[in-house]
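J.: From first to last, the protein sequence lines are chains Z and E.
Using the working numbering, the first residue of the first sequence is number 1, and each one after it goes up by one.
Using the working numbering, the first residue of the second sequence is number 1001, and each one after it goes up by one.
Number of protein chains: 2
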Amino acid sequence: MVQSSKKIQGVPEPTIRRMPSYLAFAEGLLRKGQQFVSSTQIANYMNIDPTQVTKDLSYTTIVGKTRVGYEVKALVDVLSEFLGFTIMDNAFLVGAGSLGSALLHDSGLSHFGLNIVAAFDVNSSTIGKKFNDIEVFHIDQFRDLSQEMNVVMGIITVPAENAQTVADLMVAWGIKAIWNFTPARIKVPEDIIVQNTTLYSNLAIIFNKLHNDRKEVL
Amino acid sequence: MVQSSKKIQGVPEPTIRRMPSYLAFAEGLLRKGQQFVSSTQIANYMNIDPTQVTKDLSYTTIVGKTRVGYEVKALVDVLSEFLGFTIMDNAFLVGAGSLGSALLHDSGLSHFGLNIVAAFDVNSSTIGKKFNDIEVFHIDQFRDLSQEMNVVMGIITVPAENAQTVADLMVAWGIKAIWNFTPARIKVPEDIIVQNTTLYSNLAIIFNKLHNDRKEVL
DNA sequence: TTCCATTAAAGAAAAATTTCTCTAATGATT
DNA sequence: AATCATTAGAGAAATTTTTCTTTAATGGAA
């Protein structure tokens, strides 16, 4: 079988997943005024192996000093830059329902390099409303607005059964990356980046552990 | 180094992550009236290897029929059950800010076995409000309400720097599992289940691919 | 009925990721 | 100044996860 999204020997995804936590930790230390942080200290905080930390950080440009560690300020800068949180990308969100409007409210996203410029829906009761200064338009206006604004990312927060339709629409109007919050798996051309984020998967993982513990206590 | 959360030879996490998508697919087929589905068909939908599907499903009780596949209805039932979506668990949410209130609005969660019974915050402007019929209390009332209600899960949606404080509080009042939406890593006793869900990690993965593509076009 | 194509399932092989081991460097202590 | 303890970093080993291979079963076509 042909692999659909071949990794071009990039940074391992688990590494990228850990980095925002390194960043959060470093930001905390910066606030506290700590100047240096060792890989051991970061590892303790993360509950992982110290060598994992140095390996992860070796993908960035930062270098640590023996017996001292990494400079906290530099770590914050390097990680923010590396994770793409310093570049602003414009995004459209489709599906201004419960989860969608939630994301619109989350001004945190704008601190991490994501600028949602408009939202779309088919539900007439939400169209015309504004969440956090982001207006909700009818999906039919998607085409016109795509051309006006420089939008690279599409966020899908519609019901799972409509995910593919929305994805097709996004691809048709030139979107480069899709952040899919539905459990549905969408089909798109090879060059489109897709990130599936299913909150319910995380829930399933918790339940699995929780309900297992109930059965076999050991 | 001692592994903090030793897996007791359970189901691989990547498997559990894929299952909600299998479920969504099966539910779609059920709506369309399809009776059987082959591992090949599921694999096509998921863009993964068919043997991955059979291996994943082998962790459940379902067995497929040669040359026919899995019964769709049974698949839906078995997966819902397996993922813990049929058992209702009560949860508290702490931090009714942008992301927190978003989750409160997401009635989807209740369809997946999670019942958020109350929310807490320190911000007086949100206290007393109701989102989706869930009331926001002052964090000081956490103790009293924990005892009244049978709450097994705590959801943390406060700013990263307050995550540990909230986690300590949850542990103190008998919560079994914590769903942590902050990039901060919290320290809890061994027997407490922690699931970290950092939206910004997913964002970082997209940016990584997106910005890399901009540089090295190949 | 007989054969064929398709399928689930089990086990082996490969790939990816994490952990372990070792080395060199250097700030702190004596 | 000399020694020691701690650290980053590189590479090897182990583990985990995915993919490949093989086998057995069986519904449908000839």
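The beta carbon of each residue, even a glycine, is placed where N, CA and C say it ideally should be.
(1) From G84/Z, V37/Z, D191/Z, F112/Z, pick the residue whose C-alpha is nearest to that of G64/Z; which is it?
(2) Could you tell me if S58/Z is buried or exposed, where buried requires 16 or more neighbouring beta carbons within 10 angstroms of its beta carbon?
(3) Can you tell me whether Q1035/E is helix, strand or coil according to DSSP?
(4) State the Cα-Cα distance for the pair A1204/E and G113/Z, rounded to the nearest angstrom.
(5) I'd like the span of the alpha helix (DSSP H) that includes A163/Z, first residue to last.
(6) Identify the residues that DSSP records as bridge partners of L1114/E: which are they?
(7) For D49/Z, name the three-state secondary structure that DSSP assigns.
(8) Who are V1152/E's beta bridge partners in DSSP?
(9) Alpha carbon to alpha carbon, what distance is there between I1155/E and E1135/E?
(10) Cβ of L93/Z within 8 Å of Cβ of T157/Z?
(11) Got a sec, what are the start and stop residues for the beta strand (DSSP E) E1135/E sits in?
(12) Just checking: is the beta-carbon of A204/Z within a distance shorter than 8 Å of some beta-carbon in chain E?
(13) Can you give me the start and stop residues for the beta strand (DSSP E) that V194/Z sits inside?
(14) From the DSSP output, in three-state form, read off Y1200/E for me.
(15) For T1198/E, I'd like the list of residues in its chain whose CB is within less than 6 Å of its CB, leaving aside the five on either flank, ordered along the chain.
(16) Once the 5 residues before and after A1091/E are set aside, which same chain residues still bring their CB inside 8 Å of it?
(17) For a contact meaning CB atoms closer than 8 Å, what does D1077/E contact in chain Z?
(18) Per the contact definition of three or more C-beta pairs closer than 8 Å, is the stretch 104-111 of chain Z in contact with the stretch 1094-1110 of chain E?
(19) List, in chain order, every chain E residue whose beta-carbon is nearer than 9 Å to that of W179/Z.
(20) Determine the direct distance from the alpha carbon of K1130/E to that of S1124/E, and round the result to whole angstroms.
(21) Just the C-alpha distance for Y1200/E and L109/Z, rounded to the nearest angstrom, thanks.
(22) Can you say whether R1067/E is buried or exposed, counting buried as having 16 or more other CB atoms within 10 angstroms of its CB?
(23) Under 8 Å between the Cβ atoms of N208/Z and G1084/E?
(24) Can you say whether D1121/E is buried or exposed, counting buried as having 16 or more other CB atoms within 10 angstroms of its CB?
(25) Could you work out which residues of chain Z lie near K1209/E, taking near to mean beta carbons separated by less than 9 Å?
(26) Is there a Cβ of chain E sitting closer than 8 Å to that of S125/Z, yes or no?
T.: Taking the structure as given:
(1) V37/Z
(2) Result: exposed.
(3) coil
(4) 9 Å
(5) 163-172
(6) D1089/E
(7) coil
(8) Partner(s): none; V1152/E has no beta bridge.
(9) Cα to Cα, the separation comes out at about 15 Å.
(10) yes
(11) 1134-1138
(12) yes
(13) From DSSP, the beta strand (DSSP E) with V194/Z extends over 193-196.
(14) helix
(15) Correct list, in chain order: P1183.
(16) L1114, N1115, I1116, V1117, V1151, V1152, M1153, G1154, I1155, W1179
(17) Neighbours of D1077/E on chain Z: none; closest Cβ ~15 Å, over 8 Å.
(18) yes
(19) For W179/Z, the neighbours in chain E by C-beta distance under 9 Å run, in chain order, N1202, L1203, I1206.
(20) 13 Å
(21) 8 Å
(22) exposed
(23) yes
(24) D1121/E is buried by the Cβ-count criterion.
(25) Within 9 Å Cβ-Cβ: S5, G10, A177, I193, Q195.
(26) no
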